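A short write-up of the structure that comes next.
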Amino acid sequence: DLFYRQLPKVELHAHLNGSVSFSTIEKLVARKPHLNIEHGMTAIRSGQRRTLDEADIPIICQRKRRRGQRAGCFVRTRRRCFQVFKVIHQLVDTEEDILMVAKDVIREFAADGVKYLELRSTPRKEKTTGMTKRRYVETVIEAIRQCKNEGVDIEVRFLVAVDRRNGAEVAMETVKLAEDFMLSTGGLVVGLDLSGDPTVGHGRDFLPALQKAKNCGLKLSLHLSEVPSQADESELLLNIPPDRIGHGTFLHPEVGGSQSLVDKVRKHNTPLELCLTSNVKGQTVSSYSQHHFLYWYQMGHPSVICTDDKGVFCTDLSQEYQLAASTFNLSQEDMWTLSHKAIDCTFAPDLQQQLHQKWLELQPTLF
Ligand code: 5GP
Numbered sequence: 005d006l007f008y009r010q011l012p013k014v015e016l017h018a019h020l021n022g023s024v025s026f027s028t029i030e031k032l033v034a035r036k037p038h039l040n041i042e043h044g045m046t047a048i049r050s051g052q053r054r055t056l057d058e059a060d061i062p063i064i065c066q067r068k069r070r071r072g073q074r075a076g077c078f079v080r081t082r083r084r085c086f087q088v089f090k091v092i093h094q095l096v097d098t099e100e101d102i103l104m105v106a107k108d109v110i111r112e113f114a115a116d117g118v119k120y121l122e123l124r125s126t127p128r129k130e131k132t133t134g135m136t137k138r139r140y141v142e143t144v145i146e147a148i149r150q151c152k153n154e155g156v157d158i159e160v161r162f163l164v165a166v167d168r169r170n171g172a173e174v175a176m177e178t179v180k181l182a183e184d185f186m187l188s189t190g191g192l193v194v195g196l197d198l199s200g201d202p203t204v205g206h207g208r209d210f211l212p213a214l215q216k217a218k219n220c221g222l223k224l225s226l227h228l229s230e231v232p233s234q235a236d237e238s239e240l241l242l243n244i245p246p247d248r249i250g251h252g253t254f255l256h257p258e259v260g261g262s263q264s265l266v267d268k269v270r271k272h273n274t275p276l277e278l279c280l281t282s283n284v285k286g287q288t289v290s291s292y293s294q295h296h297f298l299y300w301y302q303m304g305h306p307s308v309i310c311t312d313d314k315g316v317f318c319t320d321l322s323q324e325y326q327l328a329a330s331t332f333n334l335s336q337e338d339m340w341t342l343s344h345k346a347i348d349c350t351f352a353p354d355l356q357q358q359l360h361q362k363w364l365e366l367q368p369t370l371f
């Protein structure tokens, strides 16, 4: 729908390697024929079961395009989604790859009408190619700068991600790296993300690193209560408190969370980053109409619609806005207000006034 494509949008929850489009994947596959990663076929069929530990499975796959269907959908369940990242990481293991992937992703968000993007990614070291974590971050920053110089109409900021799978010590190192880059990039690095498989590790282990990040001025966006068993962890992490919450699917009492969790979120007015398709395809939410977006939106709580992993889940931000509107019967004006309010939830206060101005300039053409 043209309205949602033209609507100026803010994207606050986008994992770099989950956002890689199918056309970029094709370029990567062509660069690395030795990996023998297949596509053009469905390697994860619905009903097929795989465990998280099965590594190195060639699962980049391409569902045959049927009429009216988008190409490149390759995820059915949350568990498989973490497998998909392993394969994408195999394909994205040099500085050249990171540069191409980050530039493609930024251009794609811009083409979808996103005017402000916060990308997040986990710095990775690759022994085989000599890529270091520091070079990884530098390369993403370089991609942001190149897009800016090429006149791509989007402001981009970066969140350094901590993968919980890698434990507390790595988390602390990542915070130091993020702090260095926050200082050396003149504010392009704005925060820290806690993500990775929510069933691995416990949030308490990351408290010192998160606290340190907060103290040095990094904003915190934490994946919280993404799966049902995380209420204790969320209680702890909400005390920090974070500056934004990713998903928060199981915070409210009706789904096994608690009123105390909801009260904490409300007390600090902590915005939620809500990713409808990701949660439905990842099967933490049973259907679009059951999505917790409605719970928080009806409460008037700051709720920002995001994509999470637009490549992996085969979506884009326009589509997510449109899905929210059609599922919850919201008007175009409601959706404009939602996208406008998202500006106040960004981690770039220096840009907010400029973005508000941009929204006002674009509004009259929309209704
Ligand atoms: P990257 O950090 O490599 O750019 O993006 C992929 C990584 O983001 C995954 O390995 C995982 O750590 C994280 N990630 C992507 N999507 C999700 C999600 O839906 N939930 C969680 N908890 N982590 C995610």
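Everything in the sequence shown is counted per UniProt numbering, starting at 5 for the first residue and increasing by one.
Every residue gets a Cβ at the ideal spot worked out from N, C-alpha and C, and that includes glycine.
All of these numbers come straight from a predicted model, not from anything done at the bench.
Just to check, is the beta-carbon of residue i closer than 7 Å to a non-hydrogen atom of ligand 1?
| i | result |
| --- | --- |
| residue 113 | no |
| residue 165 | yes |
| residue 38 | no |
| residue 230 | yes |
| residue 20 | yes |
| residue 282 | yes |
| residue 209 | no |
| residue 202 | yes |
| residue 225 | no |
| residue 272 | no |
| residue 296 | no |
| residue 205 | no |
| residue 256 | no |
| residue 305 | no |
Residue i to residue j, Cα distance in whole Å?
| i | j | result |
| --- | --- | --- |
| residue 323 | residue 140 | 30 Å |
| residue 31 | residue 308 | 32 Å |
| residue 363 | residue 136 | 39 Å |
| residue 347 | residue 273 | 15 Å |
| residue 113 | residue 15 | 8 Å |
| residue 156 | residue 120 | 11 Å |
| residue 298 | residue 153 | 40 Å |
| residue 262 | residue 306 | 19 Å |
| residue 359 | residue 367 | 12 Å |
| residue 259 | residue 167 | 26 Å |
| residue 110 | residue 160 | 8 Å |
| residue 344 | residue 320 | 18 Å |
| residue 129 | residue 193 | 19 Å |
| residue 333 | residue 293 | 10 Å |
| residue 241 | residue 87 | 27 Å |
| residue 90 | residue 369 | 43 Å |
| residue 29 | residue 105 | 9 Å |
| residue 225 | residue 175 | 14 Å |
| residue 222 | residue 312 | 21 Å |
| residue 209 | residue 268 | 21 Å |
| residue 315 | residue 186 | 27 Å |
| residue 23 | residue 12 | 19 Å |
| residue 237 | residue 281 | 25 Å |
| residue 352 | residue 163 | 11 Å |
| residue 126 | residue 341 | 32 Å |
| residue 287 | residue 196 | 26 Å |
Please classify residue i: does DSSP put it in a helix, a strand, or coil?
| i | result |
| --- | --- |
| residue 207 | helix |
| residue 135 | strand |
| residue 19 | strand |
| residue 277 | strand |
| residue 250 | strand |
| residue 79 | With a pLDDT of 45 at residue 79, under the threshold of 50, the predicted position of this residue should be treated as unreliable, though the coordinate-derived value follows. Coil, per DSSP. |
| residue 309 | strand |
| residue 227 | strand |
| residue 338 | helix |
| residue 266 | helix |
| residue 222 | coil |
| residue 201 | coil |
| residue 24 | coil |
| residue 13 | strand |
| residue 73 | Reliability of the predicted coordinates at residue 73 is poor, the pLDDT of 42 falling under 50, and the value obtained from them is presented with this limitation in mind. Reduced to three states, the DSSP call for residue 73 is coil. |
| residue 304 | coil |
| residue 196 | strand |
| residue 326 | helix |
| residue 343 | helix |
| residue 318 | coil |
Say the cut is 7 Å; is the CB of residue i nearer than that to a heavy atom of ligand 2?
| i | result |
| --- | --- |
| residue 238 | For ligand 2, the structure offers nothing, since it holds only ligand 1. |
Between the stretch 240-250 and the stretch 273-284, do three or more beta carbon pairs fall short of 8 Å?
Put simply, the stretch 240-250 touches the stretch 273-284. At least three CB pairs are less than 8 Å apart.
What runs of the beta strand (DSSP E), each 3 residues or longer, lie entirely inside the stretch 97-166?
118-125
Count Cβ pairs between the stretch 91-100 and the stretch 292-308 that sit closer than 8 Å; are there 3 or more?
no
Cβ contact check for the stretch 184-204 and the stretch 328-336: 3 or more pairs under 8 Å:
no
Do the stretch 251-258 and the stretch 219-237 touch if we need at least three Cβ pairs shorter than 8 Å?
yes
Stretch pair the stretch 171-184 + the stretch 19-37: three plus CB contacts closer than 8 Å
Two segments are said to touch when three or more pairs of C-beta atoms, one from each, lie closer than 8 Å; by this definition the stretch 171-184 does not touch the stretch 19-37.
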